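**Student:** For reference, the structure I am asking about is given below.
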Amino acid sequence: MGEFVYGPSPTGPDSPVVCTAPPSPTRHVSRSCLTVFVDIWRGELEQAAALVGKLARRDVSGLSHDDLLAALDLVARVGRLSGALQARFAGEIARRSAPVLPGGGLARAQGFGTAAALVAGSLGVSGAQARRSIEAGQALMPDALPPGAD
0 MGEFVYGPSP TGPDSPVVCT APPSPTRHVS RSCLTVFVDI WRGELEQAAA
50 LVGKLARRDV SGLSHDDLLA ALDLVARVGR LSGALQARFA GEIARRSAPV
100 LPGGGLARAQ GFGTAAALVA GSLGVSGAQA RRSIEAGQAL MPDALPPGAD
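No gaps in the numbering here: position 108 of the sequence shown is 107 in numbering that gives the first Met the number 0, and each next residue is one more.
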């Protein structure tokens with residue numbers, strides 16, 4: 000994987016942060032690099048959400064039957080990909096909410112009894128749907144230790 004150059008660094012505007020790979024459960028990255036990746040994620044997700052919001056407001060009444068059906072296929076694909084991304088995040092929330100972690104993990108720290116309750120509240124879905132999303136997300140995750148278990 001190539002280098003990511005992001006600047007300015009906390010040490011000064013003339014010293015860009017250089018990161019060689021995204022963080023992972025088995026690879027240590029500097030706090031500066033971690034901030035870079037969080038900023039990239041946040042920016043990309045905000046752009047995607049803005050684009051989907053813009054598209055949702057468009058008038059589709061003028062599309063031909065064929066164009067409407069073709070567009071619906073693409074919208075369904077976006078929905079499936081969005082669901083997969085939600086599942087990845089739900090799986091990570093569950094990993095960080097392991098009861099063996101100090102303070103009971105992320106869900107308890109946020110005032111929820113379980114990871115499923117946190118995910119359900121955040122996504123506005125039922126507890127059963129949140130549990131399915133968590134299970135799907137865990138199936139997509141690389142094997143990793145819970146935070147703090149290393």
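Cβ atoms here follow ideal geometry from the backbone N, Cα and C, with glycine treated the same way. Please read all numbers here as calculations on a predicted model, not as lab measurements.
Is V74 helix, strand or coil by DSSP?
**Tutor:** As a position in the sequence shown, residue 74 is number 75, starting the count at 1. V74: helix per DSSP, three-state reduction.
**Student:** When the Cα atoms are used, what is the spatial distance from F88 to E43?
**Tutor:** For the purposes of this step, residue 88 is identified with residue 89 of the sequence shown, where counting begins at 1. For the purposes of this step, residue 43 is identified with residue 44 of the sequence shown, where counting begins at 1. Approximately 15 Å between the Cα atoms of the pair.
**Student:** Cα separation between D66 and G52?
**Tutor:** In the sequence shown, residue 66 corresponds to position 67, counting from 1. In the sequence shown, residue 52 corresponds to position 53, counting from 1. C-alpha separation (whole angstroms): 20 Å.
**Student:** Over what stretch of residues does the alpha helix (DSSP H) that includes S121 continue unbroken?
**Tutor:** For the purposes of this step, residue 121 is identified with residue 122 of the sequence shown, where counting begins at 1. Start and end: 114-122.
**Student:** Given the structure, does Q128 come close to the ligand SAM, in the sense that its CB is under 7 Å from one of the ligand's heavy atoms?
**Tutor:** Within the structure as shown, the ligand SAM is missing, as the structure has no ligands at all.
**Student:** Please state the DSSP three-state secondary structure of S81.
**Tutor:** The residue given as residue 81 occupies position 82 in the sequence shown. Looking at S81 - three-state DSSP - the assignment turns out to be helix.
**Student:** Given this structure, state the Cα-to-Cα distance separating P98 from A83, to the nearest angstrom.
**Tutor:** Taking the sequence shown and counting its residues from 1, the one referred to as residue 98 is at position 99. Taking the sequence shown and counting its residues from 1, the one referred to as residue 83 is at position 84. Whole-angstrom Cα-Cα distance: 25 Å.
**Student:** Please state whether DSSP places L139 in a helix, a strand or coil.
**Tutor:** In the sequence shown, counting from the first residue as 1, residue 139 sits at position 140. If DSSP states are grouped into helix, strand and coil, L139 belongs with the helices.
**Student:** Among the residues of its own chain, which have a CB less than 6 Å from the CB of L139, if the five just before and after it don't count?
**Tutor:** Your numbering for residue 139 matches position 140 in the sequence shown. If we look at L139 and ignore the five residues flanking it on each side, its Cβ neighbours are R87.
**Student:** How long is the line joining the alpha carbons of T113 and A48, rounded to whole angstroms?
**Tutor:** For the purposes of this step, residue 113 is taken as the residue at position 114 of the sequence shown. For the purposes of this step, residue 48 is taken as the residue at position 49 of the sequence shown. Their backbone Cα atoms lie some 27 Å apart in a straight line.
**Student:** Of the choices G78, G102, V37, A115, whose alpha-carbon is the least far from that of S132?
**Tutor:** Working through the sequence shown from its first residue, we reach residue 132 at position 133. Closest by alpha carbon: A115.
**Student:** Between G90 and Q128, what straight-line distance do the alpha-carbon atoms span, to the nearest angstrom?
**Tutor:** Position 91 of the sequence shown, counting from 1, holds the residue named residue 90. Position 129 of the sequence shown, counting from 1, holds the residue named residue 128. Taking the straight line joining both Cα atoms gives about 13 Å.
**Student:** Can the beta-carbon of S96 be found closer than 8 Å to that of A106?
**Tutor:** The count along the sequence shown starts at 1 and reaches residue 96 at position 97. The count along the sequence shown starts at 1 and reaches residue 106 at position 107. Yes.
**Student:** Would you mind working out which of Q137, A93, G136, L80 sits nearest L117, comparing C-alpha positions?
**Tutor:** Residue mapping note: residue 117 aligns to position 118 of the sequence shown, counting from 1. L117 has its Cα closest to that of A93, out of Q137, A93, G136, L80.
**Student:** Using only the alpha-carbon positions, how far apart do V77 and P101 sit?
**Tutor:** Along the sequence shown, read from residue 1 onward, the residue named residue 77 stands at position 78. Along the sequence shown, read from residue 1 onward, the residue named residue 101 stands at position 102. Their Cα atoms are separated by approximately 37 Å.
**Student:** Answer yes or no: do A70 and L80 have a C-beta to C-beta separation smaller than 8 Å?
**Tutor:** On the sequence shown, position 71 is the one that residue 70 refers to. On the sequence shown, position 81 is the one that residue 80 refers to. Not closer than 8 Å, so no.
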